[in-house]
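Numbering (this note's numbering), first residue to last: 1 to 279.
Pasting the structure below:
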């Protein structure tokens, strides 16, 4: 009507008081249940994860190359006779281990990805979708319409759909967080919290795992070095390179005059110093 002032605009509601029971029966239960389900899901993924099948030929090849490298790195502690016998095992013409490279795979499917790895990924995805879908339905059905927290930082209106899912109140302050939005926040940030907890709980296990990973190629694992079966090196060229390196390798026995050096060290240190200088 003419002369009547326009109706006042809806002002944001900023004085909503949250009951303490919401913290005890909504806020905390959602956090605990979601974190427990995420921990359970991580354990289920570990259980359903399919380990790659070990190839006996690949293990033998990796062990052989590791033994060659160990022989060259520790040859100075072996007597000449012992070193020559070990060298003959690898280098004897047409009979040594380095003269028998494994045959190249003729089957073209041998270079294809392992189907068991794809099946394991599908199992993990099914478990993830099932648990998260059921948990989201439980939160939206049980705690529908609850406001569980209020952020201390100011937010723009664009954050309203993100922070107040399930609560359709246009005049409500953007800083209030609904129960469903709280669930999504935990869902996004819970993985990082679990990682921090696992690092704190199993620091020693991680050190042991790193040590075993470093020792794995030398101790004969090598089965998971190429799990997808792609980009395999040419073993014939690798064996040829190791043969050439072994042929030009010079053996120097460090303990040849150990008795003399020890006797000089105990009786005449100056003579030992002169002997070292001459050497």
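Using N, Cα and C, we set each Cβ at its ideal position, and we do this for glycine too.
Status (buried if at least 16 other CB within 10 Å, exposed otherwise) for residue i
i	result
residue 186	buried
residue 73	exposed
residue 75	buried
residue 92	exposed
residue 181	buried
residue 20	exposed
Residue from the options whose Cα sits closest to the Cα of residue i
i	options	result
residue 282	41, 29, 90	With the chain covering only 1 through 279, there is no way to say anything about residue 282.
residue 55	159, 144, 102	102
residue 131	66, 154, 35	35
residue 71	87, 201, 19, 196	87
residue 252	37, 192, 135, 81	81
C-alpha distance - residue i paired with residue j, whole-angstrom precision
i	j	result
residue 224	residue 63	With a pLDDT of 41 at residue 224, under the threshold of 50, the modelled position of that residue is not reliable, and the figure given next carries that caveat. Their backbone Cα atoms lie some 13 Å apart in a straight line.
residue 177	residue 234	59 Å
residue 58	residue 45	27 Å
residue 149	residue 190	18 Å
residue 244	residue 238	10 Å
residue 27	residue 128	23 Å
residue 24	residue 17	15 Å
residue 280	residue 61	Because residue 280 is not part of the residues shown, which for the chain are 1 to 279, the question remains open.
residue 184	residue 147	14 Å
residue 166	residue 158	16 Å
residue 254	residue 77	6 Å
residue 163	residue 179	9 Å
residue 262	residue 197	54 Å
residue 247	residue 266	39 Å
residue 135	residue 69	54 Å
Where the beta strand (DSSP E) through residue i begins and ends
i	result
residue 178	176-178
residue 147	147-150
Unbroken alpha helix (DSSP H) run spanning residue i, endpoints
i	result
residue 71	56-73
Whole-angstrom C-beta distance between residue j and residue i, which should lie under 8 Å
i	j	result
residue 139	residue 160	Not confirmed; about 19 Å, so no contact.
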